[in-house]
Amino acid sequence: MLEQKQLDECFESPPQDVQALLADAANRADALRLQDDATPVTFHRSQHVLVYHSLRRLISELPAANRWLCEWGAGLAETACLWSLLGGRAAAIELDALLLRTARELAATHNAVVDFAAGNFALPVGPQLVEPLDQLDHFTFAGPDGHRQLGIPPDQFDVVFVYPWPGERRLIEDLFDHVAKPAAHLLQFHGGDELTLHQKSR
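Its first residue numbered 17, the sequence shown is counted upward by one per residue in the numbering used here.
Structure follows, in structure tokens:
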């Protein structure tokens with residue numbers, strides 16, 4: 017079972033280094049969407065000011081030894097970068113090669129230390145999850161195992177961040193409950209100003 021909490025964060029302006037990272041990420045995202053490519057990049061960005069304040073609150077509540085975050089389906093890995101700038105240890109898994117390359121460039125530009133992996137975050141469990149996958153347009157078990165590419169099993173992380181596609185929330189929670197370590201946190205952005213924090217039962 018998952019224990020759910022709601023985060024209620026203010027919208028004060030983040031520090032300059034965070035603002036610079038987010039502005040750069042927005043420009044890179046726009047550039048990717050404007051590409052004239054036969055296989056356009058499809059991804060959605062979180063409301064990262066809200067995410068930043070939530071991460072700041074969460075990291076302040078975790079012991080220094082328990083501040084390791086993995087961003088699943090990372091896109092440009094802005095959340096992993098923000099976690100790094102806050103002083104945590106960060107990793108990011110992304111299947112799309114162009115997004116991953118752009119995310120690496122973004123992190124390097126802003127001195128965010130992130131371990132990146134090209135792969136699928138869902139493979140440690142596989143398609144035996146109860147959620148009917150034929151109803152989910154974007155979810156896939158294709159590609160290499162992202163955690164294997166990282167060299168870090170999913171039960172090593174203290175926090176997992178995901179921005180799930182519509183309809184994937186239950187599947188993400190089931191996956192997290194299968195693979196995360198006891199007391200780990202799952203932070204999900206659902207669009208608008210909805211951000212939820214779950215903690216796996218001990």
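Even glycine gets a Cβ: it sits at the ideal position worked out from N, Cα and C. The model shown is predicted, which means the values in this text are computed figures rather than measured ones.
Look at the beta carbons and you see the region 180-198 touching the region 154-171: at least three pairs across the two are nearer than 8 Å. Straight-line spacing of the CA atoms in residue 214 and residue 75 works out to 15 Å. In the DSSP assignment, no residue is bridged to residue 43.
Secondary structure at residue 210: coil, using DSSP grouped into helix, strand and coil. Per DSSP, residue 85 is one residue of the beta strand (DSSP E) stretching across 84-88. For residue 105, the enclosing beta strand (DSSP E) begins and ends at 105-110.
Taking 9 Å as the cut-off, the Cβ atoms of residue 63 and residue 211 count as close. Assigned with DSSP and collapsed to three states, residue 158 falls in coil, not helix or strand.
Segment contact: the region 178-196 against the region 28-48, fewer than three CB-CB distances shorter than 8 Å; contact not assigned.
Between the C-alpha atoms of residue 179 and residue 205 there is a straight-line separation of about 5 Å. Comparing alpha carbon positions, the residue from 160, 87, 95 closest to residue 126 is 95. With fewer than 16 neighbouring CB atoms inside 10 Å of its own CB, residue 208 falls in the exposed class. The C-alpha of residue 129 lies about 10 Å from the C-alpha of residue 103.
Annotation for residue 176: the continuous beta strand (DSSP E) segment containing it runs 175-178. Annotated as proximal: residue 132 and residue 108, with beta-carbon spacing under 9 Å.
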